[in-house]
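Peer 1: One structure follows; several queries about it will come next.
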Amino acid sequence: MVTRPRRTRSSARTAEPLSPHPVELAGLLHELTARLLSADSFTQALERLAVFAAGGVPGVVRCSIVLIGEGGPLTHTGYGLPGAAVDEIQYAAGTTGPGLESARTRSMVTAPDLATDARWPDLAEAAATEGIHAVVAIPLDLPRAEVGALTLYFDAPNAPGADHLLTAMALANQSELLLDELRRRDARSAGAAVDRAVGVIIAQRGCGVQEAYDVLRDTAQRLGLDRHAVADRLIAVAARNA
Numbered sequence: 003m004v005t006r007p008r009r010t011r012s013s014a015r016t017a018e019p020l021s022p023h024p025v026e027l028a029g030l031l032h033e034l035t036a037r038l039l040s041a042d043s044f045t046q047a048l049e050r051l052a053v054f055a056a057g058g059v060p061g062v063v064r065c066s067i068v069l070i071g072e073g074g075p076l077t078h079t080g081y082g083l084p085g086a087a088v089d090e091i092q093y094a095a096g097t098t099g100p101g102l103e104s105a106r107t108r109s110m111v112t113a114p115d116l117a118t119d120a121r122w123p124d125l126a127e128a129a130a131t132e133g134i135h136a137v138v139a140i141p142l143d144l145p146r147a148e149v150g151a152l153t154l155y156f157d158a159p160n161a162p163g164a165d166h167l168l169t170a171m172a173l174a175n176q177s178e179l180l181l182d183e184l185r186r187r188d189a190r191s192a193g194a195a196v197d198r199a200v201g202v203i204i205a206q207r208g209c210g211v212q213e214a215y216d217v218l219r220d221t222a223q224r225l226g227l228d229r230h231a232v233a234d235r236l237i238a239v240a241a242r243n244a
């Protein structure tokens, strides 16, 4: 759980929106950066982001993250029990909802009361049952061929306030940069694994570089696996045999 410094204001200014304190916001972004960049994998980073955002924005009972790549299935993770059924309907069944709409339109989507929102009647019953009222979905745009959204569920209507919305937007914007960096890191690691696997094939077969790449590609197609997954397996087998 992310701890937040307590802030106060005079009663004369009670009606004015309270923006997040710059020091507090900077601390949240610093902690988010440290947690995501220290993740062992992209998947773990998404899980950490969901946990962090659920604890970093007051009033949130669930954070849901979805990423949509070109030609592939969507990636989804979430943290927080209330709202899980809403996610299941929206993502597993492919039903439209605030998260998917935000990802596809690349714009922020808000719903002051999801249970009565006419845009997504399929989600109304699950939202009412789980006590979910307000929802805000903020787009995530990863340059490496992925779009997505960070969705926050609230158990009170008409949330979040302006100050909490600014915090949520700042977390989402920082996450875009961090997740893209993690994608680049994974790509570099995967490329290195392929090169090592090609070296193993050359050593085993006494073939040329291009033939080794072709063998790796054909093996991946025959097994129905990603080339990087086959490379990892081949390296592991070679290490055991050594």
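Taken in order, the sequence shown gives residues 3 to 244; the numbers are from this note's numbering.
Here a beta-carbon is modelled for each residue, glycine too, at the ideal position from N, C-alpha and C.
CB residue 152 to CB residue 67, shorter than 8 Å?
Peer 2: Contact: yes.
Peer 1: Is the separation between the beta-carbon of residue 84 and that of residue 133 shorter than 8 Å?
Peer 2: Yes; because the gap between Cβ atoms is below 8 Å, this pair is in contact.
Peer 1: Just tell me which of 223, 202 and 224 has its CA closest to the CA of residue 214.
Peer 2: The shortest Cα separation from residue 214 among 223, 202 and 224 belongs to 202.
Peer 1: Please report the residue range of the alpha helix (DSSP H) in which residue 221 lies.
Peer 2: It spans 211 to 225 - the alpha helix (DSSP H) in which residue 221 sits, taken as one unbroken run.
Peer 1: Might you give, ordered along the chain, the residues of its own chain that have their beta carbon closer than 8 Å to the beta carbon of residue 80, omitting 5 neighbours on each side?
Peer 2: Here the set comprises 52, 64, 65, 66, 67, 86 and 89.
Peer 1: Taking C-beta to C-beta, are residue 218 and residue 207 nearer than 8 Å?
Peer 2: No. Outside cutoff.
Peer 1: I want to see whether chain B comes within less than 8 Å of residue 196, judged by CB atoms only; does it?
Peer 2: This model lacks chain B altogether; it includes just one protein chain.
Peer 1: Kindly identify the DSSP beta-bridge partner or partners of residue 239.
Peer 2: Answer is none; residue 239 lacks a bridge partner.
Peer 1: Classify residue 228 as helix, strand or coil using the three-state DSSP reduction.
Peer 2: Here residue 228 sits in coil by DSSP.
Peer 1: Closer than 8 Å by C-beta to residue 190: which residues in its own chain qualify, once you throw out the five before and the five after it? Chain order, please.
Peer 2: No residues qualify anywhere along the chain.
Peer 1: Give me whichever residues DSSP pairs with residue 148 in a beta bridge.
Peer 2: BP columns for residue 148 point to 71 and 144.
Peer 1: Evaluate the contact criterion for the stretch 120 to 139 versus the stretch 29 to 43: three or more CB pairs, one atom per stretch, below 8 Å.
Peer 2: Cβ pair count under 8 Å is below three, so no.
Peer 1: Between which two residues does the alpha helix (DSSP H) carrying residue 256 extend?
Peer 2: Nothing about residue 256 can be reported from this structure: the residues present for the chain run from 3 to 244 only.
Peer 1: Do residue 130 and residue 113 come within 8 Å of each other at the CB atom, strictly closer than that value?
Peer 2: The answer is no: Cβ separation not under 8 Å.
Peer 1: Could you check the C-alpha separation between residue 55 and residue 103 for me, to the nearest Å?
Peer 2: Rounded to the nearest angstrom, the two C-alpha atoms are 20 Å apart.
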